[in-house]
């Protein structure tokens, strides 16, 4: 009886915690952020979430301020974008069922681990950015929590911009 009581308490706490902030998916739509006469082009492909949408806005603004044009689209349209057409491609992926959602690893593998790909994975406690056949020795992942914390957003933006600049061969 004592154990049933404990199980009930744990279940109530878990359910209360899970329902405190409902998840609402955001739709990533095709957007272009031109930067003057810039010939440097970066593509950002992402899933929608509140954190990723804020990160996309920050990345686009940060890259535009460096005279870099940015195209943003849903990662579900990744097949329309080739690293050959861009100077860098940023994949903002997510974790589901202990591994990355399939479009990101499929894109990376289909493009032979192109050095132009910057892979960013939003993780959970029990998951990693590698899986779905990704060879960890061939691509680095920038990992971040999807968080309301502004410091996490700024740190993630800084890491992604730094990696993009490295891919572009531009010193920071």
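Numbering (this note's numbering), first residue to last: 12 to 183. Each residue gets a CB set at the ideal place from its N, CA and C atoms; glycine is no exception.
- The alpha-carbon of residue 43 is positioned some 27 Å away from that of residue 150.
- Burial state of residue 114 is buried, judged by a 10 Å Cβ sphere holding 16 or more other Cβ atoms.
- In this structure, residue 168 places its C-beta atom within 8 Å of the C-beta atom of residue 70.
- When DSSP states are grouped into helix, strand and coil, residue 178 belongs to the helix group.
- Its chain contains 70, 101, 129, 131, 153 as the residues whose beta carbon lies nearer than 7 Å to that of residue 171, once the 5 sequence neighbours on both sides are disregarded; these appear in chain order.
- Per DSSP, residue 152 is one residue of the beta strand (DSSP E) stretching across 152-155.
- Residue pairing by DSSP places residue 44 opposite 81 in a beta bridge.
- Between residue 66 and residue 89, the gap from beta carbon to beta carbon reaches 8 Å or more.
- Listed as beta-bridge partners of residue 99 by DSSP are 53.
- Within the same chain, 183 come within 7 Å of residue 173 by CB-CB distance, once the 5 residues on both sides are set aside.
- Between residue 104 and the set 179, 93, 82, 87, the nearest pair of CA atoms involves 87.
- The distance from the Cβ of residue 99 to that of residue 133 is about 19 Å, inconsistent with a contact at the 8 Å cut-off.
- When C-alpha distances from residue 49 are compared across 61, 82, 41, 124, the shortest belongs to 82.
- The beta carbons of residue 85 and residue 51 sit no closer together than 8 Å.
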